[in-house]
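Numbering (this note's numbering), first residue to last: 22 to 350.
C-beta atoms are modelled at their ideal positions from N, C-alpha and C, and glycine is treated no differently.
Bear in mind the structure is a predicted one, so any value in this text is a computation, not a measurement.
Working notes for the structure below.
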Amino acid sequence: YQYYQKNNLVEAERISRLILVDKPQDVQALHLLVVLENLAGRNEVAIHLLNQVITLCPNSSQGYLNLGKMFRDKGDFETAIEYYQKSLELNPDYIEVYNELGSIFFTLGKFLQSQKYYEEALKLDKNYVNAHFGLAGILLKQGNFILGFSEYEWRWQSEDFQTRSFSQPVWDGSSFQGKTLLVYTEQGLGDSIQFIRYIPLVKKLGGCVVVECNKAGLKLLFTTVSEIDELFVRGETLPDFDLQIPLMSLPRIFGTTLETIPAEIPYLSVPKSIDFPIPPAPEKNLKVGICWQTNTTSETSQMRSCPVEYLQAIINIDRVNFYILQKEV
22 YQYYQKNNLV EAERISRLIL VDKPQDVQAL HLLVVLENLA GRNEVAIHLL NQVITLCPNS
82 SQGYLNLGKM FRDKGDFETA IEYYQKSLEL NPDYIEVYNE LGSIFFTLGK FLQSQKYYEE
142 ALKLDKNYVN AHFGLAGILL KQGNFILGFS EYEWRWQSED FQTRSFSQPV WDGSSFQGKT
202 LLVYTEQGLG DSIQFIRYIP LVKKLGGCVV VECNKAGLKL LFTTVSEIDE LFVRGETLPD
262 FDLQIPLMSL PRIFGTTLET IPAEIPYLSV PKSIDFPIPP APEKNLKVGI CWQTNTTSET
322 SQMRSCPVEY LQAIINIDRV NFYILQKEV
């Protein structure tokens with residue numbers, strides 16, 4: 022385990038296998054090999070080894086949890102759920118299992134079941150970050166934006182989100198006349214493009230609005246938002262400011278509901294400096310941009326992407342012109 026903790030995976034595997042030569046039932050060595058095989062992408066080998074661990078430790082709730090995770094990663098959700106339930110039978114207070122069940126039912130679109138498990142997790146620990154974050158997703162899917170965006174603030178307690186450290190206070194939505202507010206993007210291109218629509222509402226409440234983009238390409242696009250006074254890319258020196266807020270906290274600040282989503286369309290346009298010829302199409306045709314692959318480094322990438330061949334079934338629809346927006350193409 023010392024080599025594993027130091028990220029020397031080759032040596033960790035070598036020593037684990039040596040231990041198993043003399044002690045084939047050494048649970049610690051077997052379990053470490055499970056982790057190493059899974060990291061190497063050898064899912065089936067890892068499952069086989071983990072079954073050996075469970076045979077030796079049949080009452081291991083953690084073993085069944087880990088087995089469920091491996092089948093989840095394979096996309097075999099039904100089997101994963103069975104193992105999660107077995108884990109709960111052995112340990113009814115295993116909070117991580119409730120979270121995993123909440124997550125898997127969310128993926129399956131069974132939001133009521135998902136919500137039930139997240140709420141069970143919160144009964145065990147009202148400050149359990151992953152359950153709050155999962156619950157936010159359900160509430161937002163259901164259109165309950167008030168509670169959903171409130172729960173979404175728990176993202177800053179998650180290890181998956183990098184908190185910005187500013188000495189200036191977070192803006193509370195009150196008037197900031199005569200002051201400067203920094204609004205910074207925090208996630209992917211899609212989220213930033215969606216939520217930049219809130220900037221005109223922000224501008225109505227105050228003085229100078231400074232926007233910091235975490236992607237260089239956004240800076241050029243956001244030049245078309247007239248309510249932005251100054252634009253920067255992360256890493257550039259920011260001007261002095263009095264208040265700050267992440268872009269995706271703005272829906273909570275404005276108490277957004279389904280009826281009050283900012284819908285001034287278009288709120289973005291192609292900058293005039295860009296020569297971007299669009300192939301001619303009949304004026305009455307619907308123009309649809311298509312993208313089939315998200316960030317390949319994302320854990321949920323496979324769930325949100327599809328082979329481009331799948332789109333062939335729709336590209337010949339009458340009176341519709343499709344435009345490829347996949348940036349890698």
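Would you kindly check if the distance between the Cβ of L279 and the Cβ of T245 is under 8 Å?
Not in contact: T245 and L279 (Cβ atoms no closer than 8 Å).
Looking at F262: is its Cβ nearer than 8 Å to the Cβ of L203?
Yes. Within cutoff.
Which word fits P272, buried or exposed, when buried means at least 16 other C-beta atoms lie within 10 angstroms of its C-beta?
Buried: at least 16 other Cβ atoms inside 10 Å.
Can you list the beta strand (DSSP E) stretches of 3 or more residues lying completely in the region 227-272, in chain order?
As far as the region 227-272 is concerned, its whole beta strand (DSSP E) runs of at least 3 residues are 227-234, 251-254 and 264-267.
Would you call the CB atoms of Y115 and G89 closer than 8 Å?
Not a contact, by the Cβ cut-off of 8 Å.
Taking one C-beta from the region 325-332 and one from the region 300-317 each time, how about it: are there three or more such pairs within less than 8 Å?
Yes: the two stretches touch, three or more of their Cβ pairs being nearer than 8 Å.
Can you confirm whether the region 175-193 touches the region 211-222 when touching is taken to mean that 3 or more C-beta pairs between the two stretches lie within less than 8 Å?
Because the criterion of three Cβ pairs below 8 Å is not met, the region 211-222 and the region 175-193 do not touch.
Alpha carbons only, please: which of G227, D339, L129 and N112 is nearest the one belonging to A101?
Of the candidates G227, D339, L129 and N112, the one whose C-alpha sits nearest the C-alpha of A101 is L129.
What separation, rounded to the nearest whole angstrom, lies between the Cα atoms of V14 and T281?
This structure leaves residue 14 out entirely; the chain is present only between 22 and 350.
According to DSSP, is L346 part of a helix, a strand, or is it coil?
Here L346 sits in coil by DSSP.
In the DSSP assignment, find the unbroken alpha helix (DSSP H) run with K95 in it and report its ends.
It spans S82 to K95 - the alpha helix (DSSP H) in which K95 sits, taken as one unbroken run.
Check each candidate in D212, L307 and T201 and name the one with the smallest Cα separation from V232.
Comparing Cα-Cα distances from V232 to each of D212, L307 and T201, the minimum goes to T201.
Can you give me the Cβ contacts of D212 inside the same chain, cut-off strictly under 7 Å, excluding the 5 residues immediately before and after it?
Hits under 7 Å: M269.
Would you mind reading off the limits of the beta strand (DSSP E) that contains V291?
Note, V291: premise wrong, no beta strand (DSSP E); not H, not E.
Quick check: is the beta carbon of N306 nearer than 8 Å to any beta carbon in chain B?
Structure shown: chain B not included; a single protein chain is present.
What residue range does the alpha helix (DSSP H) around G199 cover?
Per DSSP, G199 belongs to no alpha helix (DSSP H); it is in the beta strand (DSSP E), F197 to Y205.
By how many angstroms is the C-alpha of C78 removed from the C-alpha of E34?
Going from the Cα of E34 to the Cα of C78 covers about 22 Å.
Might you give, ordered along the chain, the residues of its own chain that have their beta carbon closer than 6 Å to the beta carbon of I159, omitting 5 neighbours on each side?
Closer than 6 Å at Cβ, skipping near neighbours: F132, S135 and Q136.
Closest by CA to P267, which one among T206, N337, K236 and E257?
Nearest option by C-alpha distance: T206.
What residue range is occupied by the uninterrupted alpha helix (DSSP H) comprising G169?
G169 -> alpha helix (DSSP H) spans F166 to Y173.
For K144, report the span of its alpha helix (DSSP H) as first-last.
Where K144 is concerned, the enclosing alpha helix (DSSP H) stretches over F132 to L145.
Please determine if the region 144-160 and the region 244-258 are in contact, where contact requires at least 3 C-beta pairs separated by less than 8 Å.
Because the criterion of three Cβ pairs below 8 Å is not met, the region 144-160 and the region 244-258 do not touch.
With distances taken from CA atoms, which of V55, E58, L111 and F98 is nearest S81?
The residue with the shortest Cα to Cα distance from S81 is L111.
Given a threshold of 16 other Cβ atoms within 10 Å of its Cβ, counted over all protein chains shown, does R340 qualify as buried or as exposed?
With fewer than 16 Cβ atoms within 10 Å of its Cβ, R340 is classed as exposed.
How about L71 and V55: do their beta carbons lie closer than 8 Å?
Yes, these two residues count as a Cβ contact at 8 Å.
Quick one: give me the first and last residue of the beta strand (DSSP E) that V309 is part of.
Element bounds for V309: L307 to I311.
Per DSSP, V355 forms a beta bridge with which residues?
Here the chain has residues from 22 to 350 only, and residue 355 is not among them.
Could you work out which residue in V223, A334, I214 and E251 is closest to I286 when comparing CA atoms only?
Residue I214 is the option with its Cα nearest to I286.
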